[in-house]
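A.B. asks: Here you go, one structure.
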Ligand code: ADP
Ligand code: MG
Ligand code: MG
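Residue numbers (full-length UniProt numbering): 3 to 514.
And the structure:
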């Protein structure tokens, strides 16, 4: 009874504190949409970006293989000014993050749950099946790892339908990323860029109505949180002279976001980072008789993956073997195989079923806080729920998104494309997908800066909260915290939102 009371009280208190959708929408400033009058902002912003490393490698010109391309940089696409997010929702998901870190740690350590959930995917998804097999092989070997390091990002859209002005805006979870969550460094710096532009220009000419106060721009520790987390895990490894390997994609453009992590490790913690692809890991690293992994005589304490989440990261057996070399060694991989699997969209869907969060979180009030950010998630398999979901999605496709077990953006199916997809896929293939209710975030008229030009656009923002977890071999928690945030903003007429995939810009939140 006590628990039930707490549970109702908590949610009630949150609702009391929140402003309504009407208030949130009305309290937002408005930004001028005539970009011809905003040209002076371009030099200020682009030059600030260049001098603070908010840059990407220039896109590879097709067919060109010139060395200068490595040195050709371009400013990262950014929003010119911050985008509104309800303050109470922002604070709520920040506070939720340690609970989610703990939840996913428990999921990753529940072997039975992982097996039954991932087996329900069937054989259609070769990639997930391969990662799962590696997880089973590793278990068989009883590999000892001195630490677990989690670098997560929980992503949200704000559900605040203009048609329901009396409703309370709600942050709803899009997904929980456990592997290669990117843009932590650039995101923190874009917050600084917006603070700079506000202080220098007052955003004069851009703000048409309302205002922006510096106190509405939250500080963001995501520039340092990942390096600090890796360093905490590194020290559990027990060799201060060891190195970190960052496993990267060979043609990565988002190099500087990664270099900032490397800089943090070096300047604050005196830890050296070596960048390698999975193929290079196989080529250059060796295992000694004590299961320790070395590169050129230096022991590798941590392998931080910024690759390995997509089938394209494993074009040949070499890359798979490179990953296996790390996984079977004493080196702490970030994420470990169980964490990688726990981040699958199938896990997210099963978690939303009645009683499943409660399997991992005893306190009902806390479980409710987690559930509060879920929207409807359904299987598309041959169970009764799955068959019902297929029918619902076919008759109401505009309310849903269909997702395969993929990461990195660009794989989902929306609206009118859903029924033909459901028709085309075999029952076996459908087991590899999930159905998710569409979150309709409110549009906002913003100005984006991409390739040196400004674009006025109605946009939608996706908020990501980083989570940092470190525990030792005995399971004792060393770090469990939120690690700053990311705001990505995209035109509201496109569904998908990846910056790397070319859909979105990096932004920062304006707390309203
Ligand atoms: P990925 O792992 O590829 O990033 P996501 O689940 O994040 O997959 O989906 C990619 C993008 O699709 C998101 O960034 C978001 O813009 C959009 N999206 C995903 N799920 C939803 C949803 N339920 N409602 C609205 N948009 C969504
Ligand atoms: Mg993802
Ligand atoms: Mg995503």
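Just so it is clear, CB atoms sit at the ideal spot from N, CA and C, and this is done for glycine as well.
Fair warning: this is a prediction, and the values are worked out from it, not measured in the lab.
(1) Let me know the secondary structure DSSP gives residue 276 once reduced to three states.
(2) Would you call residue 471 buried or exposed, if buried means 16 or more other Cβ atoms sit within 10 Å of its Cβ?
(3) Tell me which residue opens and which closes the beta strand (DSSP E) that residue 76 is part of.
(4) How many angstroms separate the CA atom of residue 381 from the CA atom of residue 355?
(5) Which whole-angstrom value is the C-beta distance of residue 308 and residue 184, which I expect to be below 8 Å?
(6) Within 10 Å of its beta-carbon, does residue 103 have 16 or more other beta-carbons around it, so buried, or fewer, so exposed?
(7) If you reduce the DSSP assignment to three classes, tell me which class residue 214 lands in.
(8) Among all the DSSP beta bridges, which residues are the ones paired with residue 195?
(9) Of all the beta strand (DSSP E) runs that stay within the bounds of the segment 366-402, which reach a length of 3 or more residues?
(10) Under the three-state reduction of DSSP, which class applies to residue 170: helix, strand or coil?
(11) Let me check understanding here. Comparing Cα to Cα, which of 468, 51, 464, 349 lies closest to residue 86?
(12) Any idea what DSSP makes of residue 406, helix, strand or coil?
(13) Closest to residue 210 by CA distance: which of 23, 323, 117, 83 is it?
(14) Using a threshold of 8 Å, is the CB atom of residue 91 nearer than that to any non-hydrogen atom of ligand 1?
(15) Confirm the yes/no value for this check: CB of residue 409, any heavy atom of ligand 3, distance under 8 Å.
(16) Taking the straight line between their C-alpha atoms, what separation do you get for residue 289 and residue 53?
(17) What three-state label does DSSP hand residue 251 in the structure shown?
(18) Looking only at DSSP bridge pairs, what is residue 471 linked to?
(19) Can you give me the C-alpha to C-alpha distance between residue 162 and residue 93, rounded to a whole angstrom?
(20) Taking the alpha-carbon positions, what's the residue 378 to residue 390 distance?
(21) With hydrogens ignored, establish whether the beta-carbon of residue 179 is closer than 8 Å to any heavy atom of ligand 1.
C.D. replies: Let me lay it out:
(1) If DSSP states are grouped into helix, strand and coil, residue 276 belongs with the strands.
(2) Buried: at least 16 other Cβ atoms inside 10 Å.
(3) 75-77 is the span of the beta strand (DSSP E), which, as asked, contains residue 76.
(4) Straight-line Cα distance between these residues: approximately 10 Å.
(5) Rounded, the Cβ-Cβ distance is 7 Å, consistent with contact.
(6) Buried is the call here.
(7) If DSSP states are grouped into helix, strand and coil, residue 214 belongs with coil.
(8) BP columns for residue 195 are empty, so no partner.
(9) Those beta strand (DSSP E) runs which fall completely within the segment 366-402 and span 3+ residues are 379-381.
(10) Residue state for residue 170 is assigned as coil, using DSSP reduced to three classes.
(11) Closest in alpha carbon position to residue 86, among 468, 51, 464, 349, is 464.
(12) Here residue 406 sits in strand by DSSP.
(13) Per the C-alpha coordinates, the member of 23, 323, 117, 83 positioned closest to residue 210 is 83.
(14) No, Cβ of residue 91 sits at least 8 Å from all heavy atoms of ligand 1.
(15) For ligand 3, at least one heavy atom lies less than 8 Å from the Cβ of residue 409.
(16) Roughly 41 Å separates the two Cα atoms.
(17) Three-state DSSP puts residue 251 in coil, outside helix and strand.
(18) Looking at the DSSP assignment, residue 471 forms a beta bridge with 152, 482.
(19) Rounded to whole angstroms, residue 162 to residue 93 spans 16 Å at the Cα level.
(20) In this structure, the straight-line span from the alpha carbon of residue 378 to that of residue 390 is close to 13 Å.
(21) Placement of the Cβ of residue 179 at a distance of less than 8 Å from at least one heavy atom of ligand 1 is found.
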